[in-house]
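Participant: Sharing a structure, written as structure tokens. Questions coming.
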Amino acid sequence: MQDKILYAFFSENYAQTLELCNSHSDSLFAQEFGALSAIKLGDWTKALGFLEKVYQHKQNAFWKLYLAKAYVYGTKDFAKAFAMFNELLENQEFFDEVALEAGFSYKCAGRTQEAGDLFRQLVERHPENLEFWANYAEVYFDNYPKESLEIHQKLCEVAKGIMKDLKDNPKSQREALSHSLELRLQRANENPQIDSINNYLNTKIYPQIAYLYLKLFRLDESSKLFHSLQEFNQNNAPFWQNFAKTLELTSDYQGAYEAYQKAIGIHPHATYYFDLAFLLMRIGEFDEGVKHYEARLYYANDASFSSRHYTQSLDAFNKHGVDAFKGKKVVVFCEQGFGDTIMYARCLQKLCGIAKEVLFAPQTALYSLFDYSLKKFETTDFGNMRIQKDIPVKFDYAMPVCSLPVFCGITKDEIPLLKTPILVPTKKTKKDSLKAKKPKVGLFWFTPKGDDSNLKRNFDLGFLIEAFEESGYELISFQVEGEEVKNLPSFIINKGKDFGTWFDTYKVLAEIDCMVSIDTAIAHLALAMEIPTILLLSRRFDWRWGKFENPSSLFWPNANIIVHKDREQALDELKTKTKEILQAKV
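The numbers in my numbering rise by one with no breaks, and the one at position 321 of the sequence shown is 321.
Right, dumping it as structure tokens:
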């Protein structure tokens, strides 16, 4: 048994090794190699089971380190993992290895400060180790681009110092890079280490710096650096993806299209098709864009109702087109966010004209809103649609709501003409408006994931207070989350605290004269209800709102869009636009 396990493991057949070890799980030998094989396969849940057994017999630093990692990546039991890491860090002989793994684990847990402290200690102990510097910079990359840029620049200074020393002292040897980086050399050089470091900078570090410039909106510097690195990154797909994002943001849409195509040509991964779809839909190439947008299902397999049913619908559509769904019972499920469901729900009208019966299953929080609207509708546009609390058992086809433009053959010109299955509340008359003591203005400024990506959505409450504190309007907060909502100024009414479902939100929105919102589901709902809506966008905004230099919405052409270029400009536009909207209602 041991020979078979050893042979399978050292033949790098880790799946077979794991299978053999599972069959002899009472053996300590099998437990050890079962743990190692599961780690090689990235299956930390299975690794944890073996590691806990091994650690009962071998409580040395190696097994303790990997047990701690298994608690991080297998069960996210961070408390147990970090207690073990802290004990291990007392072992100075093993400090570097533990600090490296603990740093990655702290980053995984979102504890940036602790991760940064560990990598800072590593670069202090090994100031010429470029990989440690890169790991240190990476900790801050997602959420602290300024700090990450500073560390990247320090890395470059260290690298240039090493290369200068190597040039001045050709016989000196440095261990600046790992062996894997040495293997990147493509040609002989008088000093291969200099070539290796240059290659490392041009293919990894400088592209990261260029992308950080993009995140910091230093677009000229980002574009210039990306352009200078093309020669070194001809076969680097992520480079072309990030270069494309910079070109897109600078409104070089043709250049961005070509860069995305370059990335796809190198590696036809769903990520690149996904981003290409965003670009195409942003610039109005909707028909081509929605086809590439289907790549999102690559990420949604775990969240989707059924990838198998989606594939069946796709196969039927590829064979018969829209006719595949004529006279059929079709389930429509929702695999993305609330805003996408509200936005794409208008496509259900087209499906209702094709299918015999449409069974629409929105997210639980949206169910009562759609159910109420459908019961109140006097139109026959959705006469064969039923709202479902759960996915029904009997049906012919099932498809995601965001795939309806593809499966129903909906064109760009049709989108704004389709009706949404959300009941538009009775509009206030001028008499009603005159009776009201104050115009009611709704506010929404923060969502927890609003700053997680390169598309910054959130605004600070202080901006809205400055705009409206002296306005005389009745200000109503629709905010559900965020620290600021716990201590709102007395002149802002907190309605968001009472929201349980989207139907609760709908009922309060129906009383609003003007909604001021960031790009979130609240804005989509207000626009669907035909409430005058001012949309606040940062300079980097989502594809749904069109081109950066001339924003507009295919789905919501009546949206009043304000792009925050600088504070005074945005404040002036917000005050002016709100006043115009409210005066028009009187």
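Cβ atoms here follow ideal geometry from the backbone N, Cα and C, with glycine treated the same way.
Run the CB neighbour count on K76, radius 10 Å, all protein chains shown included, and call it buried at 16 or more, exposed below.
Facilitator: Exposed.
Participant: So, are the CB atoms of A237 and Y260 less than 8 Å apart?
Facilitator: no
Participant: Would you mind reading off the limits of the beta strand (DSSP E) that contains Y397?
Facilitator: Y397 to P400
Participant: Taking Cβ positions, are I518 and I493 nearer each other than 8 Å?
Facilitator: no
Participant: Is it the case that the Cβ atoms of A115 and Y106 are separated by a distance below 8 Å?
Facilitator: In this structure, A115 lies near Y106, with their beta-carbon atoms less than 8 Å apart.
Participant: Check E474 in the structure and name its three-state DSSP category.
Facilitator: strand
Participant: Check this for me: beta carbons of V485 and F468, under 8 Å apart or not?
Facilitator: no
Participant: Quick check: the Cα distance between W240 and K262, rounded to an integer number of angstroms?
Facilitator: 7 Å
Participant: Across the region 351-359 and the region 319-327, are there enough close Cβ pairs to call them in contact, namely three or more that are closer than 8 Å?
Facilitator: yes
Participant: Name the one or two DSSP bridge partners that E357 has.
Facilitator: K329
Participant: Just mark N86 as buried or exposed, buried being the case when its beta carbon has 16 or more other beta carbons within 10 Å.
Facilitator: exposed
Participant: Could you compute how far the alpha carbon of K577 sits from the alpha carbon of L464?
Facilitator: One C-alpha to the other measures close to 14 Å.
Participant: Is H179 helix, strand or coil by DSSP?
Facilitator: Summary for H179: the model assigns pLDDT 46, below 50, so the residue's position carries little reliability; its value from the coordinates is reported in the next sentence. H179 falls in the helix class under three-state DSSP.
Participant: Residue range of the alpha helix (DSSP H) that T364 falls in?
Facilitator: T364 to K376
Participant: May I ask you to list the residues that DSSP assigns as paired with K224?
Facilitator: None; K224 has no bridge partner.
Participant: Count the other CB atoms within 10 Å of the CB of V424; is the residue buried (16 or more) or exposed (fewer)?
Facilitator: exposed
Participant: Going by beta carbon distance, what residues of the same chain come within less than 6 Å of L525, once the five residues before and after it are set aside?
Facilitator: I342
Participant: Can you give the Cα-Cα distance for P550 and G284, rounded to whole angstroms?
Facilitator: Contrary to the premise, residue 550 reads as Asn rather than Pro in this sequence. Cα to Cα, the separation comes out at about 12 Å.
Participant: Among the residues of its own chain, which have a CB less than 7 Å from the CB of Y344, if the five just before and after it don't count?
Facilitator: V401, C402 and L404
Participant: Give the single residue among T501, F141, M529 and A361 whose Cα lies nearest to the Cα of A510.
Facilitator: M529
Participant: Cα-Cα, which of F444, E470, L461 and E466 is closest to I512?
Facilitator: F444
Participant: For Y397, does the count of other Cβ atoms within 10 angstroms reach 16, so buried, or fall short, so exposed?
Facilitator: buried
Participant: Kindly indicate the opening and closing residues of the beta strand (DSSP E) around T533.
Facilitator: Secondary structure note for T533: its beta strand (DSSP E) is the uninterrupted segment T533 to L537.
Participant: Between which two residues does the alpha helix (DSSP H) carrying S307 extend?
Facilitator: S307 to H320
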